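These notes concern the structure reproduced below.
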Amino acid sequence: MSDIRESVDKLYSKILDFVSYSFRTEKEVRDRAAYYLRKISFPPGVDPATVVDEIILRFKTSRDIDDDEYTRRYIEGLILSPKSKSSREAAMFLYKKGIPESISGKYLSQLGGELEEKSLGILVEKKARSLKSLRDPATRNKLIRYLISKGFNPDRVRAEVDKIASLK
0 MSDIRESVDK
10 LYSKILDFVS
20 YSFRTEKEVR
30 DRAAYYLRKI
40 SFPPGVDPAT
50 VVDEIILRFK
60 TSRDIDDDEY
70 TRRYIEGLIL
80 SPKSKSSREA
90 AMFLYKKGIP
100 ESISGKYLSQ
110 LGGELEEKSL
120 GILVEKKARS
130 LKSLRDPATR
140 NKLIRYLISK
150 GFNPDRVRAE
160 VDKIASLK
């Protein structure tokens, strides 16, 4: 019994160290636990998956792992960040982190418009400086295609490019 407790405590300690560095998603913790399970041996009769589930439940009750909070923090951080990302790029990042679409969709619908507006404005101004003239249709179309490929809404892109072109 002490071997089991010792193995569980060792795994919990390693995962706690991993979680303490930064806010993590449940998928990240499960992936890291799977990595640690290759190094830690459990006595026969102990199901490592059950142990991992119990550890994750402990972290969830203490709110060290909360996908909802992670998503909210990430999107608010993007809004405050000088980097420009579209809502689609943010959704793909959250998908890779294991956040369900229901959670990411909820926050992106609330804050996504603000994120897109800020990011699109910054990116259009930045690209417009490097281009010769936005009055040239070929250059304008090149900029529009670039922004659409970044995941921005085509209607918003055209409106923003027209607004910047009229100022130049």
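Each residue of the sequence shown is one higher than the one before, starting from 0 at the first, in numbering that gives the first Met the number 0.
Built from N, CA and C at the ideal position, the CB exists for glycine as well.
Source: prediction; values computed, not measured.
Identified DSSP bridge partners for residue i
i	result
Arg23	Ile64
Residue i versus residue j: straight-line alpha-carbon distance, rounded
i	j	result
Phe17	Gly97	17 Å
Val51	Arg29	7 Å
Gly120	Gly76	17 Å
Arg128	Ile54	52 Å
Ser103	Glu116	18 Å
Pro81	Asp135	29 Å
Tyr34	Pro47	12 Å
Lys126	Arg72	28 Å
Phe58	Ser19	11 Å
Arg87	Gly112	11 Å
Pro99	Lys149	22 Å
Leu93	Ser101	11 Å
Thr60	Pro43	28 Å
Leu36	Lys95	22 Å
Asp154	Met91	21 Å
Nearest-angstrom Cβ-Cβ length linking residue i and residue j, presumed shorter than 8 Å
i	j	result
Ile74	Leu15	No, Ile74 and Leu15 are not in contact; Cβ-Cβ is about 26 Å, not under 8 Å.
Ile147	Val160	Not confirmed; about 11 Å, so no contact.
Leu142	Leu130	6 Å
Ile39	Ser12	Between Ser12 and Ile39 the Cβ distance is about 10 Å, and since that is not below 8 Å, they are no contact.
Arg23	Ile64	6 Å
Ile3	Val45	6 Å
Ser83	Ser132	Contact flag wrong, Cβ pair sits at about 22 Å.
C-beta contact flag for residue i and residue j at 8 Å
i	j	result
Leu114	Ala89	yes
Glu25	Asp66	yes
Arg139	Ala164	yes
Phe41	Ser85	no
Thr70	Tyr106	yes
Runs of alpha helix (DSSP H) wholly within the region 99-131 (minimum 4 residues, chain order): 100-129
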